[in-house]
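Worksheet: the structure to be examined is printed underneath.
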Amino acid sequence: MANDIITINTVSQLHEMFGYEKPKHPLVTVIDVKKLKNNADFVGVRMSSEMYMISLKDHDCGMLYGRSHCDFEEGILAFYEPGQVITQTEKIEAGIQSGWMLIFHPDLCLNFFVKFYSY
Numbered sequence: 007m008a009n010d011i012i013t014i015n016t017v018s019q020l021h022e023m024f025g026y027e028k029p030k031h032p033l034v035t036v037i038d039v040k041k042l043k044n045n046a047d048f049v050g051v052r053m054s055s056e057m058y059m060i061s062l063k064d065h066d067c068g069m070l071y072g073r074s075h076c077d078f079e080e081g082i083l084a085f086y087e088p089g090q091v092i093t094q095t096e097k098i099e100a101g102i103q104s105g106w107m108l109i110f111h112p113d114l115c116l117n118f119f120v121k122f123y124s125y
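Residue numbers for the sequence shown follow the working numbering, beginning at 7 and rising by one.
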């Protein structure tokens with residue numbers, strides 16, 4: 007189990023996994039890092055997402071990006087693509103960090119008309 011990777015496939019699954027209310031849009035979400043619920047159960051767990059993420063935070067985020075530690079004391083602007091593996095290395099208390107995470111599913115970039123969605 008230690009080498010297993012948890013895969014997050016949808017915005018809804020991400021919200022459910024971290025205890026957030028149902029997302030307002032099925033393909034995109036914006037998370038305020040200050041309100042991020044960083045559960046100690048996820049420390050040391052390898053996770054992969056089938057979504058893109060752009061993360062802007064004010065200091066080190068306690069994450070392994072592949073095999074490298076994200077060590078940016080002054081802040082971090084990180085870009086993740088589907089399939090990349092990240093590992094939470096430490097529990098960070100809510101409210102300590104500030105910043106934003108924009109997470110969106112690749113389907114958002116496809117050439118489909120909005121009328122095909124039920125929202």
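Ideal Cβ placement from N, Cα and C applies to all residues, glycine included.
Where residue i sits in the DSSP three-state scheme
i    : result
D113 : helix
F48  : helix
Q94  : strand
S61  : strand
L20  : helix
Local Cβ density within 10 Å of residue i, reported as buried at 16 or more and exposed below that
i    : result
V36  : exposed
K28  : exposed
L20  : buried
D83  : As written in the sequence, residue 83 is Leu, which differs from the Asp given in the question. L83 is exposed by the Cβ-count criterion.
H111 : buried
F85  : exposed
L33  : buried
I98  : buried
Presumed contact (8 Å Cβ cut-off) between residue i and residue j, rounded CB distance
i    : j    : result
M57  : I109 : 5 Å
M53  : I14  : 7 Å
G105 : K63  : 4 Å
V51  : Q94  : 7 Å
S61  : M23  : In fact, because the Cβ distance is near 17 Å, the residues do not count as touching under 8 Å.
V39  : E96  : That belief does not hold up - the Cβ atoms of V39 and E96 are roughly 15 Å apart, past 8 Å.
Bridge-paired residues (DSSP) for residue i
i   : result
D38 : W106
Y86 : M59
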